[in-house]
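Novice: Before I ask anything, here is the structure I am working with.
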Amino acid sequence: MIKHEIEEMVLAAVRRAQDAGALPAFAVSDAVVDRPQRPEHGDYASSLPMRLARTARMKPLEIAKVIASQMGPEGDGVVAAVEVAPPGFINVRLSPEWLTSQVDAIGEQGPAFGNVDLGRGRKVQVEFVSANPVGPLHVGNGRGLALGDTLARVLGAAGYEVQREYLVNDAGTQTATFAATLYARYQQLFGREVDIPEGGYPGEYMIDVARELKERCGDGLLRAEGEPYPPEVHDLGVEIMLGVIKRDLSAIGVHYDDWFSERSLYKTGTYDKTMALLRERGYVAEREGAIWLSSSALGEEKDNVLVRSTGAPTYFASDIAYHYDKFLIRGFDSVINIWGADHQGHVPRMKAAISALGVDPDRLTIIIYQLVTLKRGEELVKLSKRAGDIVTLREVVAEVGADAVRFNFVSRAADSHMDFDIELAKRQSAENPVYYVQYAHARIAGILTQAQERIADFSAGDVSLLTHEAELALIRRMLRLPELVETMATTLEPHQLPYYAMDLATAFHDFYEKCRVLTDDEALSKSRLKLVSAAKLTLARALGLMGMSAPERM
RNA sequence: GCGCUUGUAGCUCAGUGGAUAGAGCGCUACCCUGCGGAGGUAGAGGCCGUGGGUUCGAGUCCCGCCAAGCGCGCCA
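See below:
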């Protein structure tokens, strides 16, 4: 990657300067290279001299001059100029020849352009959303979906072996309440006068689930009035609900590699093994009739209950067993859990539990995203399955479109407290920036289709004919993609991707206005066809990393 | 009360300690005999919540204050 090459050049220049006695001897590990905001400052800039000023006891500008003098263009054809600017920047400008040669390089990489080898095949799991199977996905889940799926795609591009997982909470009290509600609705379908249980799920969708249950089983699940529901109500209900969730997921284009049943932890003995390990390592204590994890021995404020005095394990115990499975059975090198901010309190004790298992807690990363505040115009919409007022993800996707929903959610940093105005989203669906990016892709597709009639084969196009400033600007923009993938995979923050896609589309539209691709000049046409093909690839890749379509026509 | 997160343009939000703080939407004025106008050009609009501190340099780091969201269960 060119950025790393520049960094190496700066560091090598520092070492040469030190060998020559022009700089005092000290270790430098970071060249502090970034992309300047203004084009007149070059393609890359290092602010290292300012950082060295104190230790070197020299003026930053002097240091910059010394370093720059050691890294002048050496005929490698990559760097056109190295300039020094006050108060102590080293600005590096890439040569047009090298830039244009990258058009061919991108073309050769094809759909793999943008990939980097940061992960080296390490196994990483991304678990996200994992909403309890007690209702359809709501709009808020969309944020976790967009974040998790995009992150998984980015990590894949960064060379990790990625698995997307959905944990199905089918063992807790929530699905039990769900089943009780479902049984009430089911009985109502047979004319029985039964109330929705206290704390149940009054949403209308439960009637649909009950109808499906009736279709499948007829009256076979009815028990005498007042008797508890048979276990099939729970299991079939969860199954039906999962079907609904999978339908919602496919509407927004998210596919999981694995659906992990919480209940399986108890069937396969993983839960027992986990408790045995915790006991063996001395982190389990019994008191007040319950079994506790000695979290306070691991720096936590207090201990946490693993098994209630009733004998039933807590969600926390389940979750520890679940992570035992992830790390000690399935052997993921690292695990990323994406949780809503309402789970933030759970983070420290989960980390402590990982330590208690003897697993390095750094192998577990928990990303907390702030909850979405839903609005209809000025009016706040309260999301609550219990209250029955839910705005489903599915209905918003149907109104606004999956690509626009994804683009909107991905572009927000996980920490931002975002407002999602349903009215605004609907109104802006036609003016969404996503179409700006897709339009650029479709425009190129149009040009390529038209070119086929005249210039079927442009593989011999000479990229050195690309000398217009707009052409070079477009190439520069394309070259940022691998850098961005690397950054996103390191910080685990994919929200820059939509902004990059916008910038890339802008660079293309600007080129399109200033340079005509298909002209009487066949040689130039061929080289520009190469350029727009590369731009099309890059746009498609950026869109693809966000799980969005790259349409040939719109 | 304690903890986590946030406060940047009218709205929704970007902004890896660096050079003159940006985008989309909205608003104003322009640009179609041209490969797709879902496009382009120009403009208005900012004490970056607030008060201190660290630094050669702070929207960015630290502390106080104000405000908002979330969390502090033998719920999940």
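Counting from 2, one number per residue, gives the positions in the first sequence under the numbering used here.
Idealized CB from N, CA, C, for every residue including glycine.
As the structure is a computational prediction, the values presented were derived from the model and not from experiment.
1. Report, in whole angstroms, the separation of the C-beta atoms of Ala177 and His235, which I expect to be a contact under 8 Å.
2. My output table needs one value for Arg165: the three-state DSSP class, helix, strand or coil.
3. Per the contact definition of three or more C-beta pairs closer than 8 Å, is the region 424-438 in contact with the region 402-411?
4. Could you say which of Asp196, Leu156, Ile91 lies nearest to Pro495 if we only look at CA atoms?
5. Under three-state DSSP, which class holds Gln126?
6. If you count every other CB in all the chains shown that lies within 10 Å of the CB of Lys537, and 16 or more means buried, which is it?
7. Sort Arg17, Arg36, Ile241, Gln19 by Cα distance to Lys4 and report the nearest one.
8. Would you kindly work out how many angstroms separate the C-alpha atoms of Leu250 and His256, rounded to a whole number?
9. Within the chosen definition, does the region 336-344 reach the region 125-144 through at least 3 CB pairs nearer than 8 Å?
10. Taking only the alpha-carbon atoms, compute the straight-line gap between Lys303 and Ala353 and give it to the nearest angstrom.
11. Taking Cβ positions, are Val195 and Gly238 nearer each other than 8 Å?
12. From this set, Val127, Gln188, Gly149, which residue's C-alpha is nearest Glu1's C-alpha?
13. Taking the alpha carbon of Ile369 as the reference point, which residue from Leu190, Ser96, Gln345 has its own alpha carbon closest?
14. DSSP on Leu214, reduced to helix/strand/coil?
15. Measuring CB to CB, does Pro499 end up less than 8 Å from Phe421?
16. Going by other Cβ atoms of all chains shown within 10 Å of its Cβ, with 16 needed for buried, is Ser534 buried or exposed?
17. Would you mind listing the alpha helix (DSSP H) stretches within the region 344-418 that are 4+ residues and don't spill past its ends, in chain order?
18. Nearest to Gly115 by alpha carbon, out of Ala159, Gly136, Ser96, Pro97?
19. Who are the Cβ neighbours of Leu544 in its own chain at under 6 Å, not counting the five residues just before and after it?
20. Could you pull out every residue in the same chain whose Cβ sits closer than 7 Å to the Cβ of Ala225, ignoring the five residues on either side in sequence?
21. Between the region 292-309 and the region 83-103, do at least 3 Cβ pairs fall closer than 8 Å?
22. Could you check whether the region 103-114 touches the region 473-480, counting it as contact only if at least three pairs of C-beta atoms, one from each stretch, sit closer than 8 Å?
23. Determine which residues share a DSSP beta bridge with Asp35 and list them.
24. In the DSSP assignment, the alpha helix (DSSP H) including Asp77 goes from what residue to what residue?
25. Going by C-alpha to C-alpha distance, which of Ser296, Ser310, Lys274, Gly219 sits closest to Gly290?
26. For Gln19 versus Ala26, is the C-beta distance shorter than 8 Å?
27. At the level of alpha carbons, what is the spacing between Ala415 and Gln371?
28. Check each candidate in Pro88, Ala82, Ser528 and name the one with the smallest Cα separation from Ala54.
29. Starting from Arg288 and walking both ways along the alpha helix (DSSP H), at which residues does that stretch end?
30. Does the Cβ of Asp171 have 16 or more other Cβ atoms within 10 Å, making it buried, or fewer, making it exposed?
31. Are the beta-carbon atoms belonging to Ile241 and Leu214 less than 8 Å from one another?
32. Please name the residue in Asp44, Ser356, Thr56 whose C-alpha comes closest to that of Glu6.
33. Given a cut-off of 8 Å on the beta-carbon distance, is the pair Leu190 and Arg212 in contact?
34. How many angstroms separate the CA atom of Leu467 from the CA atom of Pro40?
35. Taking the straight line between their C-alpha atoms, what separation do you get for Pro362 and Leu152?
36. What is the rounded straight-line gap between the Cα of Leu532 and the Cα of Met555?
Specialist: So, from the data block:
1. 7 Å
2. strand
3. yes
4. Leu156
5. strand
6. buried
7. Arg36
8. 7 Å
9. yes
10. 11 Å
11. no
12. With the chain running from 2 to 555 in the structure shown, residue 1 is simply not present.
13. Gln345
14. helix
15. no
16. buried
17. 347-357, 394-401, 403-411
18. Ala159
19. Ala551
20. none
21. no
22. yes
23. Ala46
24. Element bounds for Asp77: n/a, residue is neither H nor E.
25. Ser310
26. yes
27. 6 Å
28. Pro88
29. Counting along the chain, Arg288 falls outside any alpha helix (DSSP H), though it belongs to the beta strand (DSSP E) covering 285-288.
30. buried
31. yes
32. Asp44
33. yes
34. 19 Å
35. 20 Å
36. 22 Å
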